[in-house]
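**Q**
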Amino acid sequence: MSLKEKDEHDHLGWMEEKQLSPIEKGYLFTLIWLDKRFRVVDYLELLETMYYRVNLQMPKSHTEQYNLDNKFWYWYPLYALGSFSTLAYVVAALSGALLGFYYTPSAALAETGTVAYSQIAMIMQDLQFGFMLRSIHRWSAQVMTAAVFLHMLRVYFTGAYKEPRELNWLLGIVLISLTMGFGYTGYLLPWDQLAYWAGQIGVEMALSIPIIGEWVAQLVFGGFSLGAPTLQRMYILHVFLLPFVVTSLIAIHIAIVWMQGIAEPH
Ligand code: HEM
Numbered sequence: 009m010s011l012k013e014k015d016e017h018d019h020l021g022w023m024e025e026k027q028l029s030p031i032e033k034g035y036l037f038t039l040i041w042l043d044k045r046f047r048v049v050d051y052l053e054l055l056e057t058m059y060y061r062v063n064l065q066m067p068k069s070h071t072e073q074y075n076l077d078n079k080f081w082y083w084y085p086l087y088a089l090g091s092f093s094t095l096a097y098v099v100a101a102l103s104g105a106l107l108g109f110y111y112t113p114s115a116a117l118a119e120t121g122t123v124a125y126s127q128i129a130m131i132m133q134d135l136q137f138g139f140m141l142r143s144i145h146r147w148s149a150q151v152m153t154a155a156v157f158l159h160m161l162r163v164y165f166t167g168a169y170k171e172p173r174e175l176n177w178l179l180g181i182v183l184i185s186l187t188m189g190f191g192y193t194g195y196l197l198p199w200d201q202l203a204y205w206a207g208q209i210g211v212e213m214a215l216s217i218p219i220i221g222e223w224v225a226q227l228v229f230g231g232f233s234l235g236a237p238t239l240q241r242m243y244i245l246h247v248f249l250l251p252f253v254v255t256s257l258i259a260i261h262i263a264i265v266w267m268q269g270i271a272e273p274h
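Take any residue in the sequence shown, count from 1 to its spot, add 8: that is its number in the working numbering.
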């Protein structure tokens, strides 16, 4: 028997001896299969050591420090607002991806209004469950904005922004701004009257910035009045740039919470 065969024989024999359940057997079998090819166990152990090293240096969370695990603490429900924002974001992202199958960011003229507008009308009137998909997207977006705002109030009133969490507060400011950016760029996509005039206000706000106003209007809106370039920019911001940036920043934000632990109230 070769060494390799002996190894396999030993593993299988050990599994039989321990009388493992089929799930446990499947798990071990996959792990051994992967380990033989990619040394995954070494890497998992490395990760584990890193986890404990990082964790040792982090301050204790409120519940750890005061042993509050089994006591109800009246602020607790409000501590779910950050996760609630994340959940709303995931729902908006998934429903948005599905809406993307049916929408074209085109300001070209169609039979009824522009192509973009008539696609939205099609989603609402002709597409099976289209109205529901669009409603889920709009509602999750609005719930996310509200949840993020309330989450910020919770962080403020429990004093959780103080040292050592200043950076996460600043990151939060960026996140709430980008959340509003998501809302604004999405609002313009139906290219209806509401969208058009909200866009006009945006251009004028950009133009009111001293010195760089005209440059900002060109960059963000594609000119000083609204047109096809505006819609195209809003689309790319909404479905490409913002999703990448916001998803990464949320991941960093939550990773920092994981490293620092939840703050105790001040
Ligand atoms: C997309 C937006 C956001 C998401 C998804 C998010 C997510 C989270 C999550 C899941 C937590 C864990 C604790 C909790 O849920 O309360 C947290 C904590 C925190 N967030 Fe956010 N957040 C967002 C926006 C903000 C904003 C706008 C601010 C403030 C300007 C902020 C500042 C903080 C701080 C300082 C903590 C640490 C709190 C503590 O240790 O008690 N976050 N965030």
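Heads up, the beta-carbon is just placed ideally off N, CA and C, and yes, glycines get one too. Model, not experiment: these values are computed from the prediction.
Report the residue ranges of all alpha helix (DSSP H) runs contained in full by the stretch 111-138; include only those spanning at least 4 residues, in chain order.
**A** Taking only runs of at least 4 residues, the alpha helix (DSSP H) segments lying wholly in the stretch 111-138 are 123-133.
**Q** Extract the residue ranges of the alpha helix (DSSP H) inside the stretch 191-226, only unbroken runs of 4 or more that lie entirely within it.
**A** Runs found: 201-215.
**Q** Could you give the residue range of the alpha helix (DSSP H) that holds E53?
**A** Translated into the one-based positions of the sequence shown, residue 53 becomes position 45. Unbroken alpha helix (DSSP H) run through E53: 48-65.
**Q** Which word fits R45, buried or exposed, when buried means at least 16 other C-beta atoms lie within 10 angstroms of its C-beta?
**A** Translated into the one-based positions of the sequence shown, residue 45 becomes position 37. Classification for R45: exposed.
**Q** Output the distance between the C-alpha atoms of Y204 and V123, rounded to the nearest integer angstrom.
**A** For the purposes of this step, residue 204 is identified with residue 196 of the sequence shown, where counting begins at 1. For the purposes of this step, residue 123 is identified with residue 115 of the sequence shown, where counting begins at 1. C-alpha separation (whole angstroms): 14 Å.
**Q** Which of helix, strand or coil does DSSP assign to E171?
**A** Residue numbering aside, residue 171 sits at position 163 when the sequence shown is read from its first letter. Three-state result, E171: coil.
**Q** Could you pull out every unbroken beta strand (DSSP E) segment of at least 3 residues lying fully inside the stretch 228-261, listed in chain order?
**A** Entirely contained in the stretch 228-261, not one beta strand (DSSP E) run reaches 3 residues.
**Q** If you drop the 5 nearest sequence neighbours on each side, which residues of the same chain put their C-beta closer than 8 Å to that of T94?
**A** The sequence position of residue 94 within the sequence shown is 86, counting from 1. Correct list, in chain order: I258, I262.
**Q** Evaluate V275 with the Cβ neighbour count: other Cβ atoms within 10 Å of its Cβ, from every protein chain shown; 16 or more gives buried, anything less gives exposed.
**A** Nothing in the structure corresponds to residue 275, since the chain is present only between 9 and 274.
**Q** Which class does L28 belong to by DSSP, given the choice of helix, strand or coil?
**A** Start at 1 with the first residue of the sequence shown, and residue 28 comes out as number 20. It is coil, neither helix nor strand.
**Q** Can we count L250 as close to the ligand HEM, meaning its CB is less than 8 Å from some heavy atom?
**A** Numbered from its first residue, the sequence shown carries residue 250 at position 242. No, the ligand HEM has no heavy atom inside 8 Å of this Cβ.
**Q** Hey, how far is the Cα of L42 from the Cα of T255?
**A** In the sequence shown, counting from the first residue as 1, residue 42 sits at position 34. In the sequence shown, counting from the first residue as 1, residue 255 sits at position 247. For L42 and T255, the distance between alpha carbons rounds to 30 Å.
**Q** Spatial neighbours of Y74 within its chain, please: C-beta separation below 8 Å, excluding the five flanking residues on both sides.
**A** Along the sequence shown, read from residue 1 onward, the residue named residue 74 stands at position 66. Once the five neighbours on either side are set aside, the close Cβ partners of Y74 are E272.
**Q** Could you check if I270 belongs to the surroundings of the ligand HEM, using beta carbon to heavy atom distance under 8 Å?
**A** For the purposes of this step, residue 270 is identified with residue 262 of the sequence shown, where counting begins at 1. Under cutoff, so the answer is yes.
**Q** Please classify E272: does DSSP put it in a helix, a strand, or coil?
**A** Translated into the one-based positions of the sequence shown, residue 272 becomes position 264. If DSSP states are grouped into helix, strand and coil, E272 belongs with coil.
**Q** Within the continuous alpha helix (DSSP H) that includes G104, where are the two ends?
**A** Sequence index remark: in the sequence shown, residue 104 carries index 96 (1-based). 89-107 is the extent of the alpha helix (DSSP H) around G104.
**Q** Which residue wins for smallest C-alpha separation from V163, given the options P198, E56, R241, L86?
**A** Locating residue 163 in the sequence shown gives position 155, counting from the first residue. For the residues P198, E56, R241, L86, the minimum Cα distance to V163 belongs to L86.
**Q** Is it right to say G180 is buried, meaning 16 or more other beta carbons lie within 10 angstroms of its own, or is it exposed?
**A** Position 172 of the sequence shown holds residue 180. With 16 or more Cβ atoms within 10 Å of its Cβ, G180 is classed as buried.
**Q** Let me check understanding here. Comparing Cα to Cα, which of L196, P251, E171 lies closest to Q268?
**A** In the sequence shown, counting from the first residue as 1, residue 268 sits at position 260. Comparing Cα positions, the closest option is E171.
**Q** Could you pull out every residue in the same chain whose Cβ sits closer than 7 Å to the Cβ of A115, ignoring the five residues on either side in sequence?
**A** Position 107 of the sequence shown, counted from the start, is the residue given in the question as residue 115. Correct list, in chain order: T122, A124, W199, G235, A236, L239.
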